[in-house]
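Worksheet for the structure shown next.
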Amino acid sequence: MYKITIKVGPTHWSVKQRYNAFADLHDKLVTNHGVARDLLPPKKIIGNKDPTFVKKRRADLELYIQTILHFMHHTLPRELAEFLDFHHYEVTHLLQSLARQFFSQGDKILLDGLPIVFAPLQLHAISCHLKSPLPTNVASEQETDFSHVVDFVSQVSHLVVEGSNDCYRASNMVQNHLPFTLNTFKNVEKLTLRDMCVSQIGHLGAVRRRTKNLEVNNGDMKQMSDILLTDAVYRETVAGDEPFRWPALIHVDLSHNRIASLDESVSLAPNIERLNLSHNKLSQVEHLTALPHLVSLNLCGNLFTRLDSMHTRLGNVVDLDLSQNSLSSLSGLDKLYSLSSLNVSTNNLCEIDEVSHVSCLPCLETLIITGNPVATVVDYRTKVLELFGSRASEICLDNERPTQKELEFVAVLQAIRASREGRLPTFSISNPLPILASSTISFDRPDLATAVSESSTK
1 MYKITIKVGP
11 THWSVKQRYN
21 AFADLHDKLV
31 TNHGVARDLL
41 PPKKIIGNKD
51 PTFVKKRRAD
61 LELYIQTILH
71 FMHHTLPREL
81 AEFLDFHHYE
91 VTHLLQSLAR
101 QFFSQGDKIL
111 LDGLPIVFAP
121 LQLHAISCHL
131 KSPLPTNVAS
141 EQETDFSHVV
151 DFVSQVSHLV
161 VEGSNDCYRA
171 SNMVQNHLPF
181 TLNTFKNVEK
191 LTLRDMCVSQ
201 IGHLGAVRRR
211 TKNLEVNNGD
221 MKQMSDILLT
231 DAVYRETVAG
241 DEPFRWPALI
251 HVDLSHNRIA
261 SLDESVSLAP
271 NIERLNLSHN
281 KLSQVEHLTA
291 LPHLVSLNLC
301 GNLFTRLDSM
311 HTRLGNVVDL
321 DLSQNSLSSL
331 SGLDKLYSLS
341 SLNVSTNNLC
351 EIDEVSHVSC
361 LPCLETLIIT
371 GNPVATVVDY
381 RTKVLELFGS
391 RASEICLDNE
401 RPTQKELEFV
411 AVLQAIRASR
421 EGRLPTFSIS
431 NPLPILASST
441 ISFDRPDLAT
451 AVSESSTK
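Structure representation (structure tokens):
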């Protein structure tokens, strides 16, 4: 294998080819472009692995490539460009390769309805081309015309950009260091950015106005403004400006970033209904009252240790995920009256009574507390359900509906509590316990039998 190193400006890359690949290239250049046949060093069958011969052939092949490039530097043919991997690294030939692909397969790709994945290098090439006049050698063939690229990207509805902080292929190029714009994408409704440096996005264009679903994962975001105002020069002065609004945005997933606080830029997307901020570095939430339509909020895997007056911070949230934090109390959730589903699994809740802070919420139907120390308490399910009073049968606890046996135990616990407090129990189940109607009782739980006996005596 012969290693060829190519340098174009600050970019360099390497290609490995065998002598047979040189010979195939030479045949094409001789046939299609009039290159002299005797220019390539001759093939040798015997002794072709001798070190002296290999060294001489390496020098001859370098002279051959240099001569060919000097001869064809104005119009680099496709055969030579692909032999040297120009279509992977260099803007002009990369765009030619994209144009060929979209010319032959573009309609089928769009009809399939699958997400269209671009690399930052490809978007960088498109952006660079739009800023400069069309070189004469780019549109030498109909299938390589740049209009095929523009026509294709203007119809993409789900755009996925996958970045990387590693060197691209065999080059010194890091894709996340390349700036690009998205103003040629006119119909994007879902934008997904993975492993991206969002600060490299220079202009969003119609993407801001049309996007309904935004996902930015495994990036370097520290504020929501990093993406919502990525193309703004002075972010602090445009947070409320109409040109920077995201009017169609409904679903936002900013999980697995470095967001430590929420800034006022969230008000630029007032129609958000679902917001995923899981696996960031949040310890409190702010400015979410600017989202009147927010119904689902995921704060899993953050740094919350306490919850203070969450009803003044979240509005009318219906689904709240606070799992995988460090919460020891649920006291700040007692006035979230619209809450229907609450996940506080894998926290540091130790006391059953902490559930009492949410047991009075009238709409709560789903509660997940598994993974907390409190879940190791004997009969924790019945003790938690007992706190919900007459609504115990309506609660789905840890993704399981209460069984008839659990409801019977809950009725007993509530009867005991009611007798101690000098009031009548309010809980009722479909098959009432015989304790309330008969003097004959059989128990498989002696401790409960004793407790009920004492209660009946009182």
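Counting along the sequence shown from 1, when you hit position 430 you're at 430 in the UniProt record's numbering, and nothing is skipped either side. For every residue, glycine included, the Cβ atom is placed at its ideal position computed from N, Cα and C.
| For T382 and S419, the rounded distance between their alpha carbons | S419 and T382: Cα-Cα distance of roughly 18 angstroms.
| Contact set for I272: own chain, Cβ-Cβ below 7 angstroms, skip 5 residues either direction | Once the five neighbours on either side are set aside, the close Cβ partners of I272 are L249, I250, V252, L291, H293 and L294.
| According to DSSP, which residues form a beta bridge with L94? | None; L94 has no bridge partner.
| query | Taking the alpha helix (DSSP H) that Q404 falls in, what are its first and last residues? | reply | That run of the alpha helix (DSSP H) goes Q404 to E421.
| message | One question on the structure: do H256 and N298 come within less than 7 angstroms of each other, judged by their Cβ atoms? | response | In this structure, N298 does not lie closer than 7 angstroms to H256 by Cβ.
| The alpha helix (DSSP H) with Y64 in it runs from where to where? | Run containing Y64: P51 to F71, per the alpha helix (DSSP H) assignment.
| field | Segment contact, 8 angstroms Cβ cut-off, at least three pairs: the region 360-367 with the region 330-343 | value | Flag = yes, the region 360-367 and the region 330-343 touch.
| With a CB to CB cut of under 7 angstroms and the five nearest residues on each side skipped, what residues in its chain are close to V30? | R37.
| task | Could you tell me whether the Cβ atoms of M196 and V233 are closer together than 7 angstroms? | result | In this structure, V233 does not lie closer than 7 angstroms to M196 by Cβ.
| field | Alpha-carbon spacing of D112 relative to F185, whole angstroms | value | The straight-line gap from Cα to Cα measures roughly 18 angstroms.
| message | Let me make sure I understand the geometry here. Which of D319, I65, D308 and E82 has the alpha-carbon closest to that of V333? | response | Contrary to the premise, residue 333 reads as Leu rather than Val in this sequence. Comparing Cα-Cα distances from L333 to each of D319, I65, D308 and E82, the minimum goes to D308.
| query | Span of the alpha helix (DSSP H) holding I126? | reply | Bounds of the alpha helix (DSSP H) holding I126 are P120 to K131.
| field | N-terminal and C-terminal residue of the beta strand (DSSP E) that D253 is part of | value | According to the DSSP assignment, D253 belongs to the beta strand (DSSP E) that extends over H251 to D253.
| message | Could you check whether the region 119-129 touches the region 67-85, counting it as contact only if at least three pairs of C-beta atoms, one from each stretch, sit closer than 8 angstroms? | response | Short answer: they don't touch.
| Which one or two residues does DSSP pair with Q17 in a beta bridge? | As DSSP reads the structure, Q17 sits in a beta bridge with Y2.
| Closest Cα partner of H12 within the set Y380, S164, L39 and H88 | Of all alpha-carbon atoms in Y380, S164, L39 and H88, the one lying nearest the alpha-carbon of H12 is that of H88.
| said: Less than 6 angstroms between C-beta atoms, sequence neighbours within five positions excluded: which residues of the same chain meet that for T230? | reply: For T230, where only same-chain residues beyond five positions count, the Cβ hits under 6 angstroms are V198 and I201.
| task | Name, in chain order, the residues that DSSP records as bridge partners for C167. | result | According to DSSP, which records beta bridges pairwise, C167 is partnered with V174.
| query | In or out: L436 buried (at least 16 other Cβ within 10 Å) or exposed? | reply | Low local confidence applies: a pLDDT of 40 at L436 is under 50, so the model's placement there is unreliable, and no value is given.
| query | How is L448 classed by DSSP in three states: helix, strand or coil? | reply | Annotation note: pLDDT 48 at L448 (below 50); position unreliable, coordinate value reported separately. Here L448 sits in helix by DSSP.
| Based on the DSSP output, what are the partners of F180 in its beta bridges? | DSSP output for F180 lists I201 as bridge partner(s).
| task | Following the continuous beta strand (DSSP E) through T192, name the residue where it begins and the one where it ends. | result | Note, T192: beta strand (DSSP E), K190 to R194.
| Is the distance from the Cβ of E143 to the Cβ of F103 below 7 angstroms? | In this structure, the beta-carbon distance from E143 to F103 falls below 7 angstroms.
| query | Assuming L314 and V285 make a contact with CB atoms under 8 angstroms, what is their CB distance in whole Å? | reply | 7 angstroms between Cβ atoms; contact.
| query | Which one of P243, S323 and E242 has the shortest CA to CA distance from H279? | reply | Taking only the C-alpha atoms, the option nearest H279 is S323.
| request: Can you grab the Cα-Cα spacing for the pair T376 / H357, in whole Å? | output: Whole-angstrom Cα-Cα distance: 20 angstroms.
| field | V15 versus P373, A170, L193 and R258, residue with shortest Cα-Cα distance | value | Selected option, being the one with the closest Cα: A170.
| message | For the beta strand (DSSP E) containing T289, name the first residue and the last one. | response | No beta strand (DSSP E) holds T289; DSSP gives it neither H nor E.
| field | Spatial distance of T75 from M173 (CA atoms) | value | Distance from the CA atom of T75 to the CA atom of M173, rounded to whole angstroms, is 25 angstroms.
| query | Per DSSP, Q274 is paired with what? | reply | Checking the sequence shown, residue 274 turns out to be Arg, not Gln. R274 is bridged to H251 and S296.
| message | So the candidates are D166, L204 and S157; which of them puts its Cα closest to the Cα of F180? | response | It is L204 whose Cα lies nearest to the Cα of F180.
| field | Among Q66, Q122 and L110, nearest to H93 - alpha-carbon criterion | value | Selected option, being the one with the closest Cα: Q122.
| said: Distance check for G163 and L407, CA to CA, integer angstroms please. | reply: Spanning the two alpha carbons is a distance of roughly 53 angstroms.
| message | Is it buried or exposed, F53, if we count other Cβ atoms within 10 angstroms and call 16 or more buried? | response | Counting Cβ neighbours within 10 Å, F53 comes out exposed, since fewer than 16 surround it.
| query | Hey, out of C167, L182 and Q105, whose CA is closest to N176's CA? | reply | The shortest Cα separation from N176 among C167, L182 and Q105 belongs to C167.
| Within 10 angstroms of its Cβ, does Y337 collect 16 or more other Cβ (buried), or is it exposed? | Exposed is the call here.
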